[in-house]
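If you're matching them up, the sequences are chains U and C in order.
First residue of the first sequence: 1, per the working numbering; consecutive thereafter.
First residue of the second sequence: 1001, per the working numbering; consecutive thereafter.
2 protein chains.
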Amino acid sequence: MIRLTLALDAMGGDFGPAVTVPAALQALASYQQLELLLVGSPAAITPLLAKTDSVLLERLQIIPAESVIASDARPSQAIRASRGTSMRIALELIKEGRAQACVSAGNTGALMGLAKLLIKPLDGITRPALMTVLPHQQRGKTVVLDLGANIECDGEMLAQFAIMGAVMAEEILGVVNPRVALLNIGEEETKGLDNIHQAASILQSIPSINYIGYLEANELLTGKTDVMVCDGFVGNVTLKTMEGVIRIFLSLLKSSGNGDRQSWLMKWVKRWMRARLTRQFGHLNPDQYNGACLLGLRGIVIKSHGAANQRAFAVAIEQAMQAVERQVPERIAARLNAVLPKSD
Amino acid sequence: MIRLTLALDAMGGDFGPAVTVPAALQALASYQQLELLLVGSPAAITPLLAKTDSVLLERLQIIPAESVIASDARPSQAIRASRGTSMRIALELIKEGRAQACVSAGNTGALMGLAKLLIKPLDGITRPALMTVLPHQQRGKTVVLDLGANIECDGEMLAQFAIMGAVMAEEILGVVNPRVALLNIGEEETKGLDNIHQAASILQSIPSINYIGYLEANELLTGKTDVMVCDGFVGNVTLKTMEGVIRIFLSLLKSSGNGDRQSWLMKWVKRWMRARLTRQFGHLNPDQYNGACLLGLRGIVIKSHGAANQRAFAVAIEQAMQAVERQVPERIAARLNAVLPKSD
């Protein structure tokens, strides 16, 4: 069995160790090959391990960290004062070769900046991007990026995101010659912002990218494209909008509706409907799709939702394991090498 | 009975007169006080009136227009070459006082530009914004703008949109002291783009605006705010994302699922569920919420979806009627006068 070691920022996120530690234990119990380095305050972490089976504890190590980056800190300030924080130490463990990937639910901007500083972007990548995979109506999946790492992007950055997304669709989803689209407010060439127009002309000039043009946000789940590219502000808003609508639909199916007048049959059928919707779209529920991959780095960094619960954080840990097993950075680097003009 | 005269751009939208003329007749049949000026090619319109009751035709007049602005035309070019187009003539009918409002399903950018040129913005408004009203989870409604009229906005523009949105929430929805929020990618003050930060500080300085801060897109339907403000690119993406998710959910409930194995009972229950979801969220279905109001002008201009069908275009006509009856421009002007510093 090949050992797989991940560093977890145990202090990040809205709930810190109260969520990350139980999630870590859950992952250790599920995956025999997994070893975890829990980075954070031993005083906060240790009590949560009190009732844990000693067999699990053999694959868990606490790496002490004095401080935490606040989730509302300005990224630039947080990065300057990052020495000794759980997030930075977790990333340094990758740099030192002690961990193969890192998972954090902390400040997105700080994680992005620190990862760029410590793990370094791949050649040809200006800035890493946050990516996730969404299920679509045709029973396939769509790679979507950037989800919030870069709130302002020029055309070149969007084009780089598109290339990385295409590699992910090929290598992770197994799509041959994946279709790549830019998210825009109309399909006509004249629509939208200048950076999107620039990205379109760059992508049109790369023969190995199957660029299919602009798509509007209502096509995100219809399966018209395998990769959808946008800037981080728009990506974040899109994803949050989806979450909001889906949460409301699921709650509607859960609610009692007409109250006592509902028969047992109706309750049963609603439960059945809800299970079916959850099966098809539950993946869009933040509890289940949690774990956006920071693409374009020389190592693997997974960003969990700040509000992730135990289950969601465990999913982010699984995402990190998958990315390690599938050698994501190496595959992106190889593709970039083939597509981009040589710098030397 | 007070007469109400609207000008319709009969040629705009994906389907032109095939949709706008039947929708016009439907509206005339529903509202006795309504008179319509159908602007477009008589040769295209007249055949569609062949079987119409002559009583309805008394309240309908064809205003000839030679040409149409293409939906994929660059707005700047389209505006320069707009003389004689159905959209321009429809707007001129407002300017001339022959119509009280105009409805068009044509090119959004051109409609925005021409409306600004011909109808003129209100004092204190840099650029008009597209607004709609969305139902939320607390059984109320939220005013959302801009939906695509201005894809790039500075902080002042966003603040103007917020003021107009607050007037709409008060006057149209009847909300006292409506809450106003800026759409952002986090609730912390440091999050997001500079123009949003600027808008926040302007809004904080206006005592009569109940500014509550930033909200994320997953709060759009939860009822946490009465007015949600964003730039037109983000607004368009948000609305289209919602549409996409809702279409998929509704189609899922319509689909046959497990095929022949479904009992009549299950089919019946699914139909019931679908009716319930449609009742609560069908308003988000483009067929039903169609008709975004171009706010900030000295007259009333309603933008219909380009892909609107007859039913949806008829809804846009109703929106125009409501805006006339509720004197939307006059009310916004009065509020702007009270809030903005006097220019003289």
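Just so it is clear, CB atoms sit at the ideal spot from N, CA and C, and this is done for glycine as well.
CB contact below 8 Å: residue i versus chain U
i, result
"residue 1237 of chain C", "yes"
"residue 1072 of chain C", "yes"
"residue 1240 of chain C", "yes"
"residue 1198 of chain C", "no"
"residue 1313 of chain C", "no"
"residue 1210 of chain C", "no"
"residue 1085 of chain C", "no"
"residue 1165 of chain C", "no"
"residue 1138 of chain C", "no"
"residue 1248 of chain C", "yes"
"residue 1346 of chain C", "For residue 1346 of chain C there is no data in the structure shown, the boundaries of chain C being 1001 and 1344."
"residue 1069 of chain C", "no"
"residue 1307 of chain C", "no"
"residue 1245 of chain C", "yes"
"residue 1162 of chain C", "no"
"residue 1188 of chain C", "yes"
"residue 1105 of chain C", "no"
"residue 1181 of chain C", "no"
Cutoff 8 Å: residue i Cβ touching any chain C Cβ
i, result
"residue 343 of chain U", "Bear in mind that the predicted position of residue 343 of chain U carries a pLDDT of just 48, short of 50, making it too unreliable to give a figure here."
"residue 373 of chain U", "Only positions 1 to 344 of chain U appear in the structure, and residue 373 of chain U is not among them; the question remains open."
"residue 52 of chain U", "no"
"residue 227 of chain U", "no"
"residue 233 of chain U", "yes"
"residue 332 of chain U", "no"
"residue 323 of chain U", "no"
"residue 220 of chain U", "yes"
"residue 126 of chain U", "no"
"residue 192 of chain U", "yes"
"residue 174 of chain U", "no"
Identified DSSP bridge partners for residue i
i, result
"residue 1228 of chain C", "C:1144, C:1181"
"residue 1211 of chain C", "C:1180"
"residue 14 of chain U", "Per DSSP, none; premise fails for residue 14 of chain U."
"residue 1267 of chain C", "Looking at the DSSP assignment, residue 1267 of chain C forms no beta bridge with any residue, so it has no partner."
"residue 1101 of chain C", "C:1006, C:1300"
"residue 132 of chain U", "U:144"
"residue 1109 of chain C", "None; residue 1109 of chain C has no bridge partner."
"residue 63 of chain U", "U:39"
"residue 292 of chain U", "U:303"
Residue i versus the options, residue with shortest Cα-Cα distance
i, options, result
"residue 1098 of chain C", "C:1078, C:1035, C:1053", "C:1035"
"residue 208 of chain U", "U:315, U:220, U:156, U:170", "U:170"
"residue 132 of chain U", "U:178, U:65, U:141, U:109", "U:141"
"residue 156 of chain U", "U:123, U:218, U:196", "U:196"
"residue 301 of chain U", "U:93, U:41, U:339", "U:93"
"residue 136 of chain U", "U:122, U:213, U:222, U:114", "U:222"
"residue 1037 of chain C", "C:1103, C:1002, C:1013", "C:1103"
"residue 250 of chain U", "U:241, U:271, U:230, U:240", "U:271"
"residue 294 of chain U", "U:127, U:65, U:16, U:5", "U:127"
"residue 185 of chain U", "C:1101, C:1151, C:1158", "C:1151"
"residue 1014 of chain C", "C:1004, C:1108, C:1063", "C:1108"
"residue 212 of chain U", "U:194, U:239, U:110, U:182", "U:182"
"residue 1066 of chain C", "C:1090, C:1320, C:1333", "C:1090"
"residue 202 of chain U", "U:160, U:164, U:189, U:112", "U:160"
"residue 348 of chain U", "U:165, U:230, U:292", "Residue 348 of chain U lies beyond the residue range present for chain U, which begins at 1 and ends at 344; the question has no answer from this structure."
"residue 368 of chain U", "C:1333, C:1190, C:1123, C:1219", "The first residue shown for chain U is 1 and the last is 344, placing residue 368 of chain U beyond what the model contains."
"residue 1101 of chain C", "C:1339, C:1333, C:1299", "C:1299"
Classification of residue i by the beta-carbon crowding that lies within 10 angstroms, buried from 16 upward
i, result
"residue 245 of chain U", "buried"
"residue 1174 of chain C", "exposed"
"residue 304 of chain U", "buried"
"residue 68 of chain U", "buried"
"residue 337 of chain U", "exposed"
"residue 1260 of chain C", "Here residue 1260 of chain C scores only 49 on pLDDT, less than 50, and its place in the model is too uncertain to base an answer on."
"residue 43 of chain U", "exposed"
"residue 243 of chain U", "buried"
"residue 1055 of chain C", "exposed"
"residue 216 of chain U", "buried"
"residue 60 of chain U", "buried"
"residue 1117 of chain C", "exposed"
Closer than 7 Å: residue i CB and nearest the ligand SAM heavy atom
i, result
"residue 1077 of chain C", "The model on display carries no ligand, and the ligand SAM is accordingly not part of it."
Touching or not, the region 1002-1011 of chain C and the region 321-328 of chain U, by the rule of three or more beta carbon pairs under 8 Å? no
Can you confirm whether the region 25-33 of chain U touches the region 75-92 of chain U when touching is taken to mean that 3 or more C-beta pairs between the two stretches lie within less than 8 Å? no
Count Cβ pairs between the region 160-175 of chain U and the region 225-239 of chain U that sit closer than 8 Å; are there 3 or more? yes
Pairs of beta-carbons, one from the region 141-152 of chain U and one from the region 230-245 of chain U, closer than 8 Å: are there three or more? yes
Could you say if the region 44-53 of chain U and the region 71-83 of chain U meet the contact criterion of at least three C-beta pairs nearer than 8 Å? no
Do three or more CB pairs link the region 1303-1317 of chain C to the region 1175-1188 of chain C at distances below 8 Å? no
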